[in-house]
Every structure is written in structure tokens, then in C-alpha cells.
Amino acid sequence: MIKMMPHFLESGFEAEFLYTLIVVVLCFLVYHKTKEIYELTKHQGIKYFRSAFLFLGLAYVSRFLLHLIILTGISLRFIIPKRIMFFPVFTVPVTYLSTMAIFFLIYSTIWKRIQYKNFLILSNIVAILISVTAFFSRSLILVSILQLIILLFTVMISTRNHKKKKKKYTRTLYFLISILWLINLLLLSPGRIFPPGSKILFQTFSIIVFVVVYFKVLKWIK
Amino acid sequence: MNKKRDRLEVIYDFLRIIQDNHNSIKPTPLLRKSNLSSQSFNDYFEELLSKDFVKEIYDKKKKRYITLSDKGFHYLEKYKTILGFIDDFDL
């Protein structure tokens, strides 16, 4: 019997779409809700916090597009043999946007202690370098490893510069957002890195973390 | 206390003094009550004026008064929220 359903619909496309939609909507809501207090204060921390969620939202959109390319590319591999060309091109925005999001998220908590004038230039240079690496290596695993190194390095700086322990909960939340992003990226990689069924678990947990952040924002900004 | 938090507090105090004076105060008593140096006072005043938090008005004798704009009132209303948000998210 000939299957009428396109391949990508059989590959968890709907679940992926729903997951991306929820995360992206939550990210953009956080960005939108904080607009007013940023415009009133021009507070640098709020600016970096908002930028982190804007870039995260865009990173998840581009990740979804990359996922779509992988799925449709596989199903149409006899029609479009050069599908491999799309993959490296689409890894660039995914890598750049997510690297910047991680930088913004961590820097929003340490900018007061480390007022680094060239933060934007340096973070852009690093994000572009990793994007170029992603383009040529075509390896999302390598991107994840590089982002993990950045994350661990920035977390180390952040921990060293935080004397107060009371805000550990917020920083743990930021760390979880970043780690869950890396896992999401690895889930796109070919081959089984995680056990079957773990994807839905990670994605559910990821949604919970974003919902927690959103409600934390709502607590202050109705 | 961090520098940025101080800045937000100074702006709050500045606006609050104007509000507490029936939303109309002359520059000299405002300078005195704000506990700022002349230079800092001028910097903050120029900033708040350019960002439309305060307005300058003149009476019939051409004396200058400073009043709050809608944005200034809005800042005072939102101040607690802003501080709470910044503290909660460790920003």
C-alpha cells in the first residue's frame, strides 16, 4: 500500500511545530512585556535580558526551519540531491542567534560587576566564528560543544562575581534555558545521542522552564 | 548598591520631590531637596527634560517651575515594579 502522508508529517513534525510555537510565543511575550519598563528606565540589565529572549525566540524559529530542511530533505532526497547545501546555510542563523542569546542571558546578570565596554563586539565576533565553524563543519554536535564551552566559561565568571547567594534560583533558570537549548540542538543531529522517547521529555521540561520565566515576568508586569 | 540602581533611585527621588510639591517646584529648592551636586542636578535635569519626564513652565512673572509630565507620573507609579523586576531577575 502506498503511503499518502508526506514523510515529514510522520517524523513528529506536528509535535516539533507545536513545541517551537509555544517556546517562540513565550520568548516574544517576555520581550514584549518588558518593553515598557525598559523604555522608562533604559536599564542595561533589562536591555540584555530582553535581547536574550528576542534572540532565543529567533533561534528557535531558525532551528525549526533547519529541522524542516532536514525532514523534507530526507523525504525528497531523490528529487533534490543537493539538499546538503541547505543544511550548512541554515546552521549559520541557528548558531549565531543562539550564541548571542546565551551571551545576552549570562551578561544580563553580570554587567554591573563586569562593565565590559566591548561586550557587543566580542560576543558578535565569537558568534560569527562559531557560525562559520558550523557552516564548514556541518556539525551541530561541534556547535553544541563550542556553545557549552562558552556557557561554562561565562557561568564560571558569573559565579565568581556573585557574592550574594539569594539569586541562585534565577541563575539556575538561565543555565537551564541554555543547557536545554544545547540539548535541542543535539536532538537535530543525525544518529541517536539520547535514548528514544527522551526528546518529548526534554521538550516538555523546556516548555516548563519557559513558562516559569514567563510567569516570573508576569508577577511584576501584568 | 550598584551604580545603575542608584541612578534609578535618584530619578525616583527627583520626580517624587516634584510630585510632593503639588507638581510644581522652582529649580533652586529642587536642587536643595534632591541632595545632588549642581553638576549632577543639571545632568539629571537635562536628561529628564530630554526624555520627557519633566516639563518647564513659566508663570506670569516669568519665573521658571518644573512639573512632571505624564511619563514622569508613570515612572513613579512603576518604580516599585521596576525595582522588583530587576531584583527578581538579578539584572
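Protein chains in written order, with my numbering: chain A, 1 to 222; chain B, 1001 to 1091. Glycine included, C-beta positions come from ideal geometry on N, C-alpha and C.
Cross-chain neighbours of residue i in chain B, by beta carbon under 8 Å
i, result
"Ser178(A)", "Within 8 Å Cβ-Cβ: nothing; Ser178(A) doesn't reach chain B, min ~15 Å."
CB-CB length for residue i against residue j, believed under 8 Å
i, j, result
"Ala134(A)", "Thr95(A)", "4 Å"
"Arg1016(B)", "Leu1083(B)", "Rounded, the Cβ-Cβ distance is 14 Å, inconsistent with contact."
"Phe202(A)", "Ile183(A)", "5 Å"
"Phe90(A)", "Leu56(A)", "So it is not a contact: roughly 17 Å between Cβ atoms."
For residue i, the nearest candidate out of the options (CA to CA)
i, options, result
"Lys1063(B)", "Phe1014(B), Asn1042(B), Ser1024(B) and Leu1083(B)", "Ser1024(B)"
"Val1010(B)", "Phe1045(B), Asn1021(B) and Tyr1058(B)", "Phe1045(B)"
"His1022(B)", "Ser1069(B), Leu1091(B) and Tyr1079(B)", "Ser1069(B)"
"Ile141(A)", "Gln203(A), Arg50(A) and Pro190(A)", "Pro190(A)"
"His127(A)", "Phe64(A), Phe103(A) and Ile177(A)", "A small correction: the amino acid at residue 127(A) is Ala; His does not occupy that position in the sequence shown. The option with the nearest alpha carbon to Ala127(A) is Phe103(A)."
"Val23(A)", "Lys222(A), Trp220(A), Ile130(A) and Phe205(A)", "Phe205(A)"
"Phe49(A)", "Thr159(A), Arg171(A) and Arg138(A)", "Arg171(A)"
"Leu129(A)", "Asn118(A), Gln115(A), Leu146(A) and Ile114(A)", "Leu146(A)"
"Thr20(A)", "Lys33(A), Tyr174(A) and Leu68(A)", "Leu68(A)"
Contacts that residue i makes with chain A (C-beta to C-beta distance below 7 Å)
i, result
"Glu1090(B)", "The question names Glu, yet the displayed sequence has Asp at residue 1090(B). Here the neighbours are Thr109, Lys167, Thr170 and Arg171."
"Lys1078(B)", "Ile37 and Leu40"
Chain-ordered chain B contacts of residue i [CB-CB under 7 Å]
i, result
"Thr41(A)", "Leu1008 and Ile1082"
"Ile157(A)", "Per Cβ cutoff of 7 Å: no residues; Ile157(A) is ~14 Å from chain B at best."
Proximal residues of chain A, C-beta to C-beta of residue i below 8 Å
i, result
"His1074(B)", "Leu40"
"Ile1086(B)", "His43, Gly45 and Ile46"
Residues bridged to residue i [DSSP beta-bridge criterion]
i, result
"Lys1055(B)", "Thr1067(B)"
"Ile69(A)", "DSSP output for Ile69(A) lists no bridge partner at all."
"Ile1086(B)", "According to DSSP, which records beta bridges pairwise, Ile1086(B) is partnered with nothing at all."
"Ile1025(B)", "Ile1066(B)"
Under 9 Å by beta carbon: chain B residues contacting residue i
i, result
"Ile207(A)", "Result: empty, since nearest Cβ-Cβ is about 20 Å, beyond 9 Å."
Distance cut-off 6 Å: residue i Cβ against heavy atoms of the ligand HEM
i, result
"Lys1071(B)", "The model depicted lacks the ligand HEM and carries no ligand whatsoever."
- Could you please tell me which residues of the stretch 45-58 of chain A, in chain order, have their CB closer than 7 Å to any CB of chain B? Cβ contacts with chain B come from Gly45, Ile46 and Phe49.
- Check each residue of the stretch 1040-1057 of chain B: if its Cβ is closer than 7 Å to any Cβ of chain A, include it; give the result in chain order. Within the stretch 1040-1057 of chain B, no residue has a Cβ that lies closer than 7 Å to any Cβ of chain A.
- Taking a Cβ distance cut-off of 7 Å, strictly less, list which residues of the stretch 116-142 of chain A are near chain B, in chain order. Answer in chain order: no residues at all.
- Message: Residues of the stretch 21-40 of chain A in Cβ contact with chain B at a cutoff of 7 Å, in chain order, please.
- Response: Cβ contacts with chain B: Ile37 and Leu40.
- If you measure beta-carbon to beta-carbon, which residues of the stretch 209-222 of chain A are closer than 8 Å to chain B? Hits within the stretch, in order: Lys216, Val217, Lys219, Trp220 and Ile221.
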